[in-house]
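Asker: Sharing a structure with you now.
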Amino acid sequence: MSDADFQIDDRPTKPAIMRGLRCKCPNCGVGQLFAKYLKVTDTCPSCEEELFHHRADDGPAYLTILIVGHILGFVIHFMWVQFRPEPWVMATSLTIGAVALSLFLLPRMKGMVVAIQWARRMHGFGHNG
Numbered sequence: 011m012s013d014a015d016f017q018i019d020d021r022p023t024k025p026a027i028m029r030g031l032r033c034k035c036p037n038c039g040v041g042q043l044f045a046k047y048l049k050v051t052d053t054c055p056s057c058e059e060e061l062f063h064h065r066a067d068d069g070p071a072y073l074t075i076l077i078v079g080h081i082l083g084f085v086i087h088f089m090w091v092q093f094r095p096e097p098w099v100m101a102t103s104l105t106i107g108a109v110a111l112s113l114f115l116l117p118r119m120k121g122m123v124v125a126i127q128w129a130r131r132m133h134g135f136g137h138n139g
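Counting in this note's numbering, the sequence shown runs from 11 upward without gaps.
See below:
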């Protein structure tokens, strides 16, 4: 048997990523991906796709830090050039903004990483078809 005999159809990556960013199942897009804030469900409640294979680890946190850092870098520059606020006002507002934006983005980044792993059949996602 050749490698072509074992080739499995590709799963569409872009729709899976969009579903992951919405915190939905990468397979059906209907079921919730998370049981809690960052706890991925073992199986999709809608389509029964197994999701426990994921290995998101630190990737979502790094992506979140990268995005939040770039956004807040622009905001710091804009605030300083336009308004020249007191340092304590700037520090307080940017801290609140960084925490809020991080809490918003982190589950979405984890959903995206899980969806990419599902679409690329990584870490055991390819065994059940």
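From the three backbone atoms N, C-alpha and C, an ideal C-beta is built for every residue, glycine too.
This one's a predicted model, so the numbers in the text were calculated from it and none came from an experiment.
Terminal residues of the continuous alpha helix (DSSP H) containing residue 73?
Answerer: What you label residue 73 is simply residue 63 of the sequence shown in a count that begins at 1. Looking at the DSSP string, the run of the alpha helix (DSSP H) that includes residue 73 is 69-92.
Asker: Going by beta-carbon coordinates alone, are residue 36 and residue 129 separated by less than 8 Å?
Answerer: Taking the first residue of the sequence shown as position 1, residue 36 is located at position 26. Taking the first residue of the sequence shown as position 1, residue 129 is located at position 119. For residue 36 and residue 129, yes; Cβs fall inside 8 Å.
Asker: Grab me the residues of residue 27's own chain with a C-beta within less than 6 Å of its C-beta, minus the 5 sequence neighbours each way, in chain order.
Answerer: Numbered from its first residue, the sequence shown carries residue 27 at position 17. Cβ within range, chain order: 122, 125.
Asker: Excluding sequence positions up to five away, which residues of its chain have a Cβ less than 7 Å from the Cβ of residue 31?
Answerer: Locating residue 31 in the sequence shown gives position 21, where the first residue counts as 1. Answer for residue 31: 118, 121, 122, listed in chain order.
Asker: Nearest to residue 106 by CA position, among 21, 82, 131, 67, is which residue?
Answerer: The count along the sequence shown starts at 1 and reaches residue 106 at position 96. Out of 21, 82, 131, 67, 82 has the C-alpha closest to the C-alpha of residue 106.
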